[in-house]
Every structure is written in structure tokens, then in C-alpha cells.
Amino acid sequence: MFYAYYEAQKPTTPLTDTPLLTWLQGGPGCSSMIGNFDELGPWRVVSRATELEPNHGAWNRIFGLLFLDNPIGVGFSIAASKQDIPSNQRQVAEQLYAALVEFIEQNPSFEHRPVYITGESYAGKYVPAIGYYILKEKPNGKVNLKGLAIGNGLTDPVTQLRTHAVNAYYSGWINAKQREELEKAQEVSISLAKAQKWREAADTRLELLSRLGNMTGLATLYNTERTIPYRMDLVADLLNQREAKRVLGVSETMRFEECSDEVRDILWGDLMKSVKFMVEYAVERTNVLLYQGMLDLRVGLVSTEEWMKTMSWSGLGMFLSAERRVWKDGDGDLAGYVQRWGNLSHVAVSGAGHLVPTDKAVNSRDMIEAWVLGKGLFSGEDVRQTLTASY
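Under our numbering, the sequence shown is numbered contiguously, ending at residue 699.
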């Protein structure tokens with residue numbers, strides 16, 4: 309499995325104890341090089357693929373940062389045959405675990421480092437899957453798992469699907485007639501999922517989202533304030549250059565695709581299946597962060613809150629009654645909201661859409677650092693605290 313790794317630039321602990329963040333992209337079938345060069349890596353590709361600029365919100369300031377092209381068949385992770393591409397989350401987790409163990413074994417200093425697995429979108433299934441696998445089947449294995457973080461994740465698709473019409477309506481993007489049309493379309497997809505016609509359910513969900521996009525006239529449902537879609541194609545332009553391949557250590561003959569149609573098709577029947585039970589298992593045993601950009605109309609705040617309310621977790625009642633506190637950035641401006649109790653933290657990120665680190669780089673970094681370190685609003689201190697950790 310292909311990876312890119314960046315060591316912590318200003319670690320606050322010896323490297324043998326420095327947390328290690330692992331990033332997984334969604335899709336299904338999209339490369340984590342999108343996260344690397346468009347979101348949270350130390351360099352970002354800009355308007356031209358030959359131009360890179362420093363990312364002042366990179367997540368490797370005080371943590372190690374590992375990007376994995378997951379699953380096999382995505383990005384530079386070449387599948388020897390179609391049979392090597394996983395079709396369900398169990399197979400995804402097995403591949404990921406093997407890749408993490410291999411990475412850790414390359415350097416003895418990685419052996420005891422705390423590992424936090426993070427990702428966004430369809431990785432709302434990957435992250436719980438690998439977390440569940442480690443906690444349930446490999447609790448004494450080589451991966452020292454300390455937490456899971458999911459951004460704008462698709463985790464409990466049927467429950468999340470029910471929110472599209474009402475969310476768009478109360479946000480002012482559609483009228484009552486359009487809401488009724490969407491609610492009928494939602495029920496079609498939900499009925500197919502309940503009948504375990506998984507591919508048909510995924511197809512009708514996609515049709516529903518396309519209809520919602522046409523109704524709103526937005527450039528993208530992923531961020532209601534953008535006038536153009538996110539430019540992930542720039543990452544492919546960059547990584548298909550000879551010099552970029554040389555630096556990354558891949559063959560010049562390889563063709564990089566930001567998202568694989570083949571992997572997407574193989575996992576399409578998995579898309580509408582829930583992994584909520586995996587989150588429920590994980591949150592009893594490790595820290596879990598769910599964060600959403602508030603401008604995402606596709607896999608956003610309301611859809612996540614809806615399935616969170618249905619979790620079978622001993623701490624759910626206390627979490628739901630916990631105060632939702634205001635998060636201010638380092639300049640004193642509104643950055644979002646934080647609610648937490650026990651192992652579960654939930655963050656709403658102001659001014660961000662589906663790709664939170666792209667839209668709010670520094671705030672996303674401050675969030676992940678404070679969560680890992682248990683600082684600021686994640687420490688239970690006063691509401692006027694910012695999330696910025698002290699070093």
C-alpha cells in the first residue's frame with residue numbers, strides 16, 4: 309500500500325512518544341494524496357499543478373502524519389488483480405491493519421507511538437472499520453490505537469439520507485414542494501436499503517443528491533459558499549508529472565487518478581451499509597471525534613447529529629445533555645462549537661464545507677491538536693478557551 313509520511317516539525321515530546329496521525333480519504337476510491345496536497349499536508353498545490361505553497365495549517369506541526377492510499381487499487385496503491393480490491397469494510401480493515409503494521413515495523417521508534425486514525429467523507433466507514441478491527445481483534449497488536457476522528461463522514465447512510473430534504477428546506481435552499489419531492493425520493497432509497505438491494509439504494513441516493521443540486525443551483529453541495537467545486541483535479545495534474553513521481557518513489561509509467569472508478573464500483577454495494585455499531589464499540593474503548601464543516605449540504609452536520617442520537621452507548625444521555633460550547637480562534641473570531649462527554653467529542657466547524665482542512669486549515673489543525681492533547685475545550689475548561697493547545 310502506497311504511503312507518504314511527514315515527521316512532526318516541532319514535537320513537544322520525544323519522537324518515540326509523539327502521536328502519529330493516519331489520514332484516509334473517502335470516495336469510495338479516492339486517493340489520500342488529495343488530503344496530502346489539498347487539505348492537511350505541509351504543501352498545497354495551487355492554481356497551476358507546478359506550484360506548491362506552504363500549508364500553514366498542516367497537521368504535522370507537532371504530530372507525525374501518515375497518508376495511506378487506501379484501499380488497494382486507489383492512487384498509487386496498485387492492485388495486482390481485481391480480486392485484490394476489497395468489496396466490504398472487513399476486507400478494508402484487514403488491508404489497512406497489515407499496512408499499518410508494516411509501516412510501524414520499518415522503524416523501531418514507531419513501535420509505541422500513540423496512533424490516531426483520521427479521515428473524511430466515505431472514510432466515515434473506513435475509520436470505524438479499522439478502529440473496530442484493532443480494538444476487537446488486535447487489542448494487543450502492534451498498533452497503539454488511541455483515537456478515531458471522522459470529518460463529514462458517511463457512517464450510518466440510511467439515517468443520514470433522511471435528513472437531506474429537511475436540512476435543505478430549513479436552510480432555505482428548497483421550498484415545501486421540493487422538500488416533499490425529495491422526501492419521497494429518500495424513502496425509495498431507504499426502502500431499497502431495507503430490502504438489502506444495496507447497489508440500487510446507492511444509485512437512488514446519488515440520483516436524489518443530483519436532484520437536490522439542480523434544485524439549489526449551487527456550484528457544489530459540498531460547500532454552499534463556493535462558486536466552483538473543489539479542485540481535486542489539480543492533485544492529479546501534479547502527481548502525473550515526472551519529477552513528482554521521482555520524489556515519491558513511484559514508476560514514471562504509473563498513471564495517477566485522484567479517484568478510481570473501478571474501486572468505486574466494487575465498493576458501491578457497500579455504500580449504504582451502516583458501520584454505526586463499529587463507532588458504538590469504539591467509543592466505549594477509545595476517544596472518538598466527529599467533526600463537520602457547517603456549509604456541507606451533502607454529508608454535513610445535521611446528518612451526523614441524526615445518527616449520533618440513535619447510538620447504543622452507555623454515555624449517550626450524558627453526551628446529549630452536555631453543554632455545546634462556543635469555540636473562538638486565536639484572534640477571538642467564531643470558529644465553531646464543541647460538545648463533549650466521556651470519550652465522544654463533536655465539533656461543528658464554522659465557515660467550512662465538506663473538506664474542513666481545505667476551507668479552514670489553521671482551525672482544523674488547532675482542533676486536531678487540542679483533541680489529541682486534551683487541551684482547551686477538550687479539557688473541560690471554561691467556554692472562553694480557544695482550542696489552541698499550549699506547547
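Where is the CB? At the ideal position from N, CA and C, for every residue including glycine.
How close, in whole Å, do the beta carbons of SER499 and GLY461 come, if the pair is a contact with beta carbons under 8 angstroms? Within the sequence shown, residue 499 is the residue found at index 191, counting from 1. Within the sequence shown, residue 461 is the residue found at index 153, counting from 1. So it is not a contact: roughly 24 angstroms between Cβ atoms.
Alpha carbon to alpha carbon, what distance is there between ALA501 and VAL474? If you number the sequence shown from 1, residue 474 lands on position 166. If you number the sequence shown from 1, residue 501 lands on position 193. VAL474 and ALA501: Cα-Cα distance of roughly 20 angstroms.
Between the stretch 357–374 and the stretch 563–580, do at least 3 Cβ pairs fall closer than 8 angstroms? no
Do you know whose CA, among PRO537, ARG519, VAL571, lies nearest SER389's CA? As a working mapping, residue 389 is identified with position 81 in the sequence shown. Taking only the C-alpha atoms, the option nearest SER389 is VAL571.
Would the C-beta of TYR405 count as close to the ligand COA, meaning under 7 angstroms from any of its heavy atoms? By its list of ligands, the structure shown contains no ligand whatsoever, and the ligand COA lies outside what it can speak to.
Continuous alpha helix (DSSP H) assignments of at least 4 residues falling wholly in the stretch 365–441: DSSP runs (the alpha helix (DSSP H)) wholly in the stretch 365–441: 397–413.
In chain order, what residues of the same chain lie with their CB nearer than 6 angstroms to the CB of ARG692, ignoring the 5 residues before and after it? For this step, residue 692 is matched to residue 384 along the sequence shown. Any reading at ARG692 must be qualified, since the residue scores a pLDDT of 40, below 50, and its modelled position is unreliable; no value is offered.
Rounded to the nearest angstrom, what separates GLY638 and GLY684 at their Cα positions? As a first step, residue 638 must be located in the sequence shown, where it is residue number 330. As a first step, residue 684 must be located in the sequence shown, where it is residue number 376. About 12 angstroms.
Give me the residue from VAL634, ASN448, LEU404 with the minimum Cα distance to GLN333. Your numbering for residue 333 matches position 25 in the sequence shown. Ranking VAL634, ASN448, LEU404 by Cα distance to GLN333 puts LEU404 first.
Taking GLU419 as the reference, which of ILE425, LEU603, GLY601, VAL409 has the closest Cα? Within the sequence shown, the letter at position 111 stands for residue 419. It is VAL409.
Taking 8 angstroms as the cut-off, decide whether the C-beta atoms of ILE458 and VAL423 are in contact. Within the sequence shown, residue 458 is the residue found at index 150, counting from 1. Within the sequence shown, residue 423 is the residue found at index 115, counting from 1. No, the Cβ-Cβ distance between ILE458 and VAL423 is not below 8 angstroms.
Are GLY427 and TRP331 touching if we call contact CB-CB under 8 angstroms? Indexing the sequence shown from 1 puts residue 427 at position 119. Indexing the sequence shown from 1 puts residue 331 at position 23. Going by C-beta atoms, GLY427 is nearer than 8 angstroms to TRP331.
Rounded to whole angstroms, what's the CA-CA distance from ASP690 to VAL634? Just pull it up for me. To locate residue 690, count along the sequence shown from 1; it is residue 382. To locate residue 634, count along the sequence shown from 1; it is residue 326. Low per-residue confidence applies at ASP690: pLDDT is 40, beneath 50, and the placement is therefore not dependable enough to give any value.
In the DSSP assignment, find the alpha helix (DSSP H) that holds ARG470 and state where it starts and stops. Position 162 of the sequence shown holds residue 470. Taken as a continuous stretch (DSSP letters only), ARG470 belongs to no alpha helix (DSSP H), as it is neither H nor E.
Can you list, in chain order, the residues of its chain with a C-beta nearer than 7 angstroms to that of ARG606? Leave out the 5 residues immediately preceding and following it. In the sequence shown, counting from the first residue as 1, residue 606 sits at position 298. So the list reads LEU517, LEU529, TYR530, HIS662, once near-sequence residues are dropped.
TYR314: buried (16+ other C-beta within 10 angstroms of its C-beta) or exposed? What you label residue 314 is simply residue 6 of the sequence shown in a count that begins at 1. With 16 or more Cβ atoms within 10 Å of its Cβ, TYR314 is classed as buried.
Just mark TYR440 as buried or exposed, buried being the case when its beta carbon has 16 or more other beta carbons within 10 Å. The residue you call residue 440 lines up with position 132 of the sequence shown. When all chains shown are included, TYR440 counts as buried.
Use the C-beta contact count for SER620: other C-beta atoms within 10 angstroms, 16 or more gives buried, fewer gives exposed. Translated into the one-based positions of the sequence shown, residue 620 becomes position 312. Exposed, by the Cβ-count rule.
Give the straight-line distance between the Cα atoms of ASP667 and GLY625, rounded to the nearest whole angstrom. Against the sequence shown, residue 667 aligns to sequence position 359. Against the sequence shown, residue 625 aligns to sequence position 317. Each residue's Cα considered, the two are about 32 angstroms apart.
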